[in-house]
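See below for the structure under consideration.
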Amino acid sequence: MPHEPQALGRPRDGRVDRAITSSTQAVLAEVGYTGLTVEAVAARAGTSKAAIYRRYGSRPEMIFASVVHGLDLSPPPDTGSLLGDLRALTAEIAESLSVPPPDVLPGLLADKHKDATFAATFVSEYVDVEQRCLTELLDRAVRRGELSRRPDPTVVHALLLGPIFARLFLLSTTDDEAKAGIAAFGLLVAEHAGASLCALFGPCPGRDA
Numbered sequence: 001m002p003h004e005p006q007a008l009g010r011p012r013d014g015r016v017d018r019a020i021t022s023s024t025q026a027v028l029a030e031v032g033y034t035g036l037t038v039e040a041v042a043a044r045a046g047t048s049k050a051a052i053y054r055r056y057g058s059r060p061e062m063i064f065a066s067v068v069h070g071l072d073l074s075p076p077p078d079t080g081s082l083l084g085d086l087r088a089l090t091a092e093i094a095e096s097l098s099v100p101p102p103d104v105l106p107g108l109l110a111d112k113h114k115d116a117t118f119a120a121t122f123v124s125e126y127v128d129v130e131q132r133c134l135t136e137l138l139d140r141a142v143r144r145g146e147l148s149r150r151p152d153p154t155v156v157h158a159l160l161l162g163p164i165f166a167r168l169f170l171l172s173t174t175d176d177e178a179k180a181g182i183a184a185f186g187l188l189v190a191e192h193a194g195a196s197l198c199a200l201f202g203p204c205p206g207r208d209a
C-alpha cells in the first residue's frame, strides 16, 4: 500500500518492500507500537528512512501496511444460511483483530484521529473492505428470503465488531487472556447478531449452517 504511485524509472526493489514489512513486524514484537521508530525499522531492514518514506507517507501507514493490510478480508463462501455466513465472517474479523500485537490496533486508531491521510487509508483498506464483505452476506440472506430487506451494513458491522474489540482491548488484562477463546466468543457474537437480525428483519425460518 504505497503512499503514492511508483514514478517512472528504475523499478522498486521488492526485496526492500519485504525487508521493511518483516522488520516492522519484528520491531513491533520487540518494543510495541509506541516504541517503534522508522529509524529502527530502516536499520533492521538494511535500508534508509528515505526508502521507507518513498513507500509510506507516515509511520502509521508503514505499520498498517505491514501488519493489517496484508490480512485476507474477503466474503466467506456461501454457507447456505445467514447464521452460517455470519459465523464465518465473524471468525475472520476476530482473527484480523487478534493477529497483530495487542497495542497495534489501539495505536493505529489513536493515530487515525490525528492524521487525515492515514484515516482515509485505514477506512478504505480495512473498514470499507469488511463492510463490503458484510453487505454481500446480507444481500445473500435477502435473496434466500431469510431477511425481508437488507439492514444497514454499518450498524451490523458495529454489532459484530464491537463485542470482539471490547473483549480483546478493554476487558482482558493480558494478551493471552484476550486471545484465549476468542474464536468461541466470535461464534457467540455471530449467534446473537443473527438472532437480532432475524427478529427485526426476518422470517429467517430456522435455517442453519
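If you read the sequence shown in our numbering, its first letter stands for residue 1, the second for the next number, and so on.
Beta carbons: idealized from backbone N, C-alpha and C, even for Gly.
From a predicted model like this one, the values you see are computed outputs, not experimental measurements.
Using the three-state DSSP reduction, which class does residue i fall into: helix, strand or coil?
i           : result
residue 179 : helix
residue 84  : helix
residue 17  : helix
residue 174 : coil
residue 115 : coil
residue 261 : The structure shown does not extend to residue 261, since the chain is modelled only from 1 to 209, so the question has no answer here.
residue 78  : coil
What first and last residue would you give for the alpha helix (DSSP H) that runs through residue i?
i           : result
residue 162 : 153-169
residue 49  : 49-55
residue 202 : Run containing residue 202: none; DSSP gives neither H nor E here.
residue 66  : 59-67
residue 107 : 104-112
residue 36  : Run containing residue 36: none; DSSP gives neither H nor E here.
Hey, out of the options, whose CA is closest to residue i's CA?
i           : options            : result
residue 221 : 138, 150, 64, 51   : No statement about residue 221 is possible, as the shown extent of the chain runs from 1 to 209 and does not include it.
residue 127 : 68, 19, 114        : 68
residue 77  : 180, 140, 202, 154 : 140
residue 135 : 75, 105, 103, 113  : 75
residue 176 : 98, 22, 151        : 98
residue 106 : 32, 184, 197       : 32
residue 201 : 192, 160, 159, 151 : 151
What's the gap between the Cα of residue i and the Cα of residue j?
i           : j           : result
residue 121 : residue 61  : 8 Å
residue 38  : residue 100 : 18 Å
residue 167 : residue 111 : 21 Å
residue 138 : residue 147 : 8 Å
residue 190 : residue 51  : 43 Å
residue 199 : residue 53  : 50 Å
residue 20  : residue 108 : 18 Å
residue 156 : residue 204 : 16 Å
residue 16  : residue 144 : 48 Å
residue 96  : residue 132 : 16 Å
residue 73  : residue 194 : 20 Å
residue 6   : residue 56  : Bear in mind that a pLDDT of 46 at residue 6, under 50, signals an unreliable position, so the model cannot answer this.
residue 116 : residue 162 : 23 Å
residue 124 : residue 153 : 15 Å
Evaluate contact between the region 75-92 and the region 29-49, counting only Cβ atoms and requiring at least three cross-stretch pairs below 8 Å. Counting Cβ pairs under 8 Å, fewer than three are found: no touch.
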